[in-house]
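> Residue numbers (the working numbering), protein chains in the order written: chain G, 1 to 113; chain E, 1 to 111.
We put the beta carbon where it would ideally sit given N, CA and C, even for glycine.
One structure follows; several queries about it will come next.
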Amino acid sequence: SQKIEQNSEALNIQEGKTATLTCNYTNYSPAYLQWYRQDPGRGPVFLLLIRENEKEKRKERLKVTFDTTLKQSLFHITASQPADSATYLCALPAYSSASKIIFGSGTRLSIRP
Amino acid sequence: AAGVIQSPRHLIKEKRETATLKCYPIPRHDTVYWYQQGPGQDPQFLISFYEKMQSDKGSIPDRFSAQQFSDYHSELNMSSLELGDSALYFCASSSMNTEAFFGQGTRLTVV
Chain G
1 SQKIEQNSEA LNIQEGKTAT LTCNYTNYSP AYLQWYRQDP GRGPVFLLLI
51 RENEKEKRKE RLKVTFDTTL KQSLFHITAS QPADSATYLC ALPAYSSASK
101 IIFGSGTRLS IRP
Chain E
1 AAGVIQSPRH LIKEKRETAT LKCYPIPRHD TVYWYQQGPG QDPQFLISFY
51 EKMQSDKGSI PDRFSAQQFS DYHSELNMSS LELGDSALYF CASSSMNTEA
101 FFGQGTRLTV V
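See the structure below:
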């Protein structure tokens with residue numbers, strides 16, 4: 001069955017450094033992959049979508065890569081700030097239906113000043 | 001810009017009662033999703049609608065049902081509530097299977 005795996009442990013890094021989060025998926029070749037940010041008690045907020053024919057996508061301090069051979073996406077935040085502290089979720093459309101988005105378990109990122 | 005609106009924001013119900021959650025998607029979005037998120041867990045897909053027709057179903061209990069109306073708003077009905085149903089319930093909408101925009105959620109507490 002379709003499976004999405006993210007770093008289960010929290011990631012703690014120093015302000016100003018680059019944070020790198022990993023998303024691995026199995027048994028599936030999605031047409032696209034998405035990254036969301038979620039703060040406690042709030043709904044996920046869409047950050048970036050990358051399609052299978054794109055290797056890399058950038059938005060301000062964010063960069064996402066998509067390696068369809070490794071079945072992996074990396075999410076980078078450069079020049080990290082304490083305000084970037086949140087849980088980051090990787091999401092894919094289900095192989096059975098495009099009207100179903102499956103989320104990974106998320107990685108909690110903490111940026112210390 | 002208009003976002004996804006959910007109501008109520010908070011709801012407290014007793015066991016075995018019924019709850020109705022409402023969602024107003026972003027105008028012209030063709031797909032509505034419902035998710036349940038327990039404490040410390042990732043959002044779990046419940047059900048989705050495409051152009052007002054149910055399009056996919058996840059691990060949604062038989063006690064739950066949902067529908068999308070002619071004005072595109074959607075309602076999630078939960079009956080015979082159990083303590084384990086306490087969670088955040090999110091509605092999201094999207095257009096042409098792209099990024100989903102989530103509402104602020106409804107926090108349901110069953111006591």
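Taking 8 Å as the CB-CB limit, is G:P44 close to chain E?
True, the Cβ-Cβ gap to chain E drops below 8 Å.
> Considering just the uninterrupted stretch of the beta strand (DSSP E) at E:F69, what are its terminal residues?
No beta strand (DSSP E) contains E:F69, which DSSP labels as neither H nor E.
> Of the choices E:E99, E:S93, E:T98, E:A100, whose alpha-carbon is the least far from that of E:K22?
The shortest Cα separation from E:K22 among E:E99, E:S93, E:T98, E:A100 belongs to E:S93.
> Does any CB atom of chain G fall closer than 8 Å to the CB of E:S48?
Residue-level contact by beta carbon holds for E:S48 and chain G, with a gap shorter than 8 Å.
> Since E:S74 and G:S97 are thought to touch, with beta carbons under 8 Å apart, how far apart are those beta carbons, to the nearest angstrom?
Incorrect: roughly 17 Å between the Cβ atoms, too far for contact.
> What number of angstroms, rounded off, separates the C-alpha of G:E114 from the C-alpha of E:Y89?
A query on residue 114 of chain G cannot be resolved here, the shown segment of chain G reaching from 1 to 113 and no further.
> The beta strand (DSSP E) that contains E:A100, what's its start and end?
First-last for E:A100: undefined, no H or E at that position.
> Could you name the residues of the segment 45-56 of chain G whose beta carbon sits closer than 8 Å to any beta carbon of chain E, in the order they occur along the chain?
Answer in chain order: V45, F46, L49.
> Use the C-beta contact count for G:R108: other C-beta atoms within 10 angstroms, 16 or more gives buried, fewer gives exposed.
buried
> Give me the Cα-Cα distance between G:S80 and E:P25, rounded to the nearest whole angstrom.
33 Å
> Name the residue from G:N7, G:L11, G:Q14 whose alpha carbon lies nearest to the alpha carbon of G:N24.
G:N7
> What is the residue span of the beta strand (DSSP E) that G:Q34 lies within?
32-38
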